[in-house]
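Per our numbering, the very first residue in the sequence shown carries number 6; after that it's consecutive.
Reviewing the structure listed below.
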Amino acid sequence: MKTLLSLIKKISSSLAPVMALVLLVFIPLYPKLPSLEVPGSYVRIRLEDFAVAIAFLTALPTVWQRRKNLFKNSISQGIIVYWLVGLAATISTLLITRLVWPHLAWLHYFRRIEYMGLFFLGILAIRNKKDFKVFLIALFITISLIFIYGLGQKFYSLPAISTMNEEFSKGATIELDVWTRIAATFAGHYDLAIFMTLVMPIVLAIFFATQNKLKKIGLVLVFVSCYYLLILTASRVSFIAYLVSISFLLLLLKKKWWLIPIIGLSLLGSLFSEDINQRFAATIKVEGPKITQKINQALDFFLTEEKQKELAQKKSTTPTSTITEEETELDDTKEPSKIPKKTGQTVIKLTPTPPEQSRHEAAEIGVERSGDIRFGVEWPRALRHFKKNPILGTGYSSITLATDNDYLRTLGETGLLGFLALISIFLAQVPVYLNGLTKKKINQETKFLTMSLAASTIALLISMLFIDALESSKIAFSYWLILGLVIGRINLDKKDEQI
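Written as structure tokens, this is what we have:
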């Protein structure tokens, strides 16, 4: 019996790196084709879910064997606490608030466990430094393949599989025109943009860490490929997240002289993207007056009643757009039409590119609609749910699939306890970053990797302000897995120090 258990543990230990490697490559590359439908929701069970389930099953013996060291990590403890709070929130909503279908509440709860569980798999996968190098190479190859497919999608009509609405999520292929924001192998352009902001700091850090000139050239090409895909997505928040995270990384690595060429070239390159320029210009034009108006309203509060009445008479009323809660899809600047193929498969083909003036107007409409949905529907809805149960929220899936702010979504679904538990996971990473920054006797590669992880996390936290980043399966899987892999690599140096 002992021999059998020993054999199982040995097999499990050897399979953990293999499964982690498969998931690191498979999850970003495999399009989001549905496998099973979930009643009452357009969330689908996909092939990646089965792959993750198999990985967990194979890793269980190793998790049990290394449980003491695995759960001694403060990040691991934060994740466990978040799971426990999520369980309490789920039970609370099923017994008290009763705002969700039980099967949907449990589905979304277990998906959080599924996403974050890859952190533990990542740690288990790193047995030596050679293992980590294999993962880095696999990641760079994956990025290159995403880039190639993205170019094919942009210029050669390769299909996209999106989940941005119920019809798309059924697995319909989408043919994009040359001006449409690409998604490559991801569920939407926002997901692709966030993924690029996660991996770009890692690519740049390895560039500075390596001394091989040929490798440096290859890493430059990978970095430029990521940047080009980021520009093609025309995601404003992700572009800002990229600029902040890369600047932060360069300062941490004491490469401040690289700030001007890298950030300067990044800003210069963005000028050649008509789409992203129009969206930033539309943001200033559309949202600027609204912000000014809110500031003036706040200042008017301090005026006397007579002055307030006088100002109210002078101000002319302006029409405002109304958004209902059903209108929760972002950036519908182009209306798709279904064109059935001879085989019977449904293809979504976007309308031809509109004229220059109408494209500019379409950008303004998209930005205004996006802002109205967030500020007028989704964010207030999340706050209303938070007020219903400030401690534990109203449960997973209770505020629909979109909130476009992970912080407000967490408050609404799991309350203050869930919010604090989630934030604690990120705060638990701070000592790791400080140790990598201040420790004198530390391997340069390890230090650079640690700082790149800090920059990637900052990019994610910024994206979470306007996007449900942690609810996107490809982003959540990739982030937690990469986090585990890097922490596993850092742990190797700690073991070397103890020897």
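Even for Gly, the Cβ is constructed at its ideal location relative to N, Cα and C.
Cβ pair residue i, residue j closer than 8 Å
i, j, result
"residue 257", "residue 488", "no"
"residue 32", "residue 402", "no"
"residue 467", "residue 242", "yes"
"residue 126", "residue 21", "yes"
"residue 43", "residue 141", "no"
"residue 247", "residue 205", "yes"
"residue 167", "residue 180", "no"
"residue 197", "residue 147", "no"
"residue 463", "residue 212", "no"
"residue 5", "residue 88", "For the chain, the structure presents residues 6 to 504; residue 5 sits outside this window and is missing."
"residue 385", "residue 420", "no"
"residue 240", "residue 195", "yes"
"residue 38", "residue 60", "no"
"residue 251", "residue 407", "no"
"residue 397", "residue 97", "yes"
"residue 400", "residue 102", "yes"
"residue 267", "residue 275", "no"
"residue 95", "residue 114", "yes"
"residue 50", "residue 62", "no"
"residue 70", "residue 14", "yes"
"residue 455", "residue 438", "yes"
Host alpha helix (DSSP H) of residue i (start-end)
i, result
"residue 40", "Per DSSP, residue 40 belongs to no alpha helix (DSSP H); it is in the beta strand (DSSP E), 39–42."
"residue 119", "107–130"
"residue 8", "7–34"
"residue 102", "Taken as a continuous stretch (DSSP letters only), residue 102 belongs to no alpha helix (DSSP H), as it is neither H nor E."
"residue 252", "241–257"
"residue 382", "Per DSSP, residue 382 belongs to no alpha helix (DSSP H) and is neither H nor E."
"residue 91", "79–97"
"residue 76", "That residue, residue 76, is in no alpha helix (DSSP H); it is neither H nor E in DSSP."
"residue 278", "Neither: residue 278 is in no alpha helix (DSSP H) and is coded neither H nor E."
"residue 449", "449–468"
"residue 198", "194–214"
"residue 136", "134–160"
"residue 438", "435–443"
Contacting residues, own chain, Cβ-Cβ under 6 Å from residue i (five flanking each side not counted)
i, result
"residue 496", "none"
"residue 30", "143, 147"
"residue 155", "187, 189, 234"
"residue 379", "409"
"residue 18", "67"
"residue 505", "This structure cannot settle anything about residue 505, because the visible part of the chain is limited to 6 through 504."
Beta-carbon contacts of residue i that lie in its chain and below 8 Å, excluding the five residues immediately before and after
i, result
"residue 26", "130, 139, 140, 143"
"residue 228", "205, 208, 209, 212"
"residue 429", "83, 86, 87"
"residue 245", "467"
"residue 436", "79"
"residue 133", "497"
Classification of residue i by the beta-carbon crowding that lies within 10 angstroms, buried from 16 upward
i, result
"residue 389", "exposed"
"residue 491", "buried"
"residue 57", "buried"
"residue 277", "exposed"
"residue 404", "buried"
"residue 494", "buried"
"residue 55", "exposed"
"residue 200", "buried"
"residue 503", "A caution first: residue 503 carries a pLDDT of 48, below 50, which makes its placement in the model too unreliable to give a value."
"residue 193", "buried"
"residue 122", "buried"
"residue 48", "buried"
"residue 151", "buried"
"residue 344", "The pLDDT assigned to residue 344 is 37, lower than 50, so where the model puts this residue is not dependable; a value taken from the coordinates is nonetheless given after this. That one is exposed."
"residue 236", "buried"
"residue 480", "buried"
"residue 8", "exposed"
"residue 262", "exposed"
"residue 477", "buried"
"residue 413", "buried"
"residue 471", "buried"
Terminal residues of the beta strand (DSSP E) in which residue i lies
i, result
"residue 179", "178–180"
"residue 414", "Run containing residue 414: none in the beta strand (DSSP E); it sits in the alpha helix (DSSP H), 411–432."
"residue 49", "49–51"
Neighbourhood of residue i by C-beta, 7 Å cutoff - its chain only, sequence neighbours within 5 removed
i, result
"residue 90", "419, 422, 423, 426"
"residue 446", "none"
"residue 45", "106, 109"
"residue 221", "212, 215"
"residue 434", "80, 462"
"residue 226", "none"
Integer Cβ distance of residue i from residue j, believed to fall under 8 Å
i, j, result
"residue 473", "residue 409", "6 Å"
"residue 465", "residue 203", "6 Å"
"residue 469", "residue 411", "4 Å"
Any non-hydrogen atom of the ligand ADP closer than 7 Å to residue i Cβ
i, result
"residue 139", "The ligand ADP is not part of the structure shown, which contains no ligands of any sort."
Contact with chain D by residue i, beta-carbon distance below 8 Å
i, result
"residue 101", "Protein chains in the displayed structure number just one, and chain D is not present."
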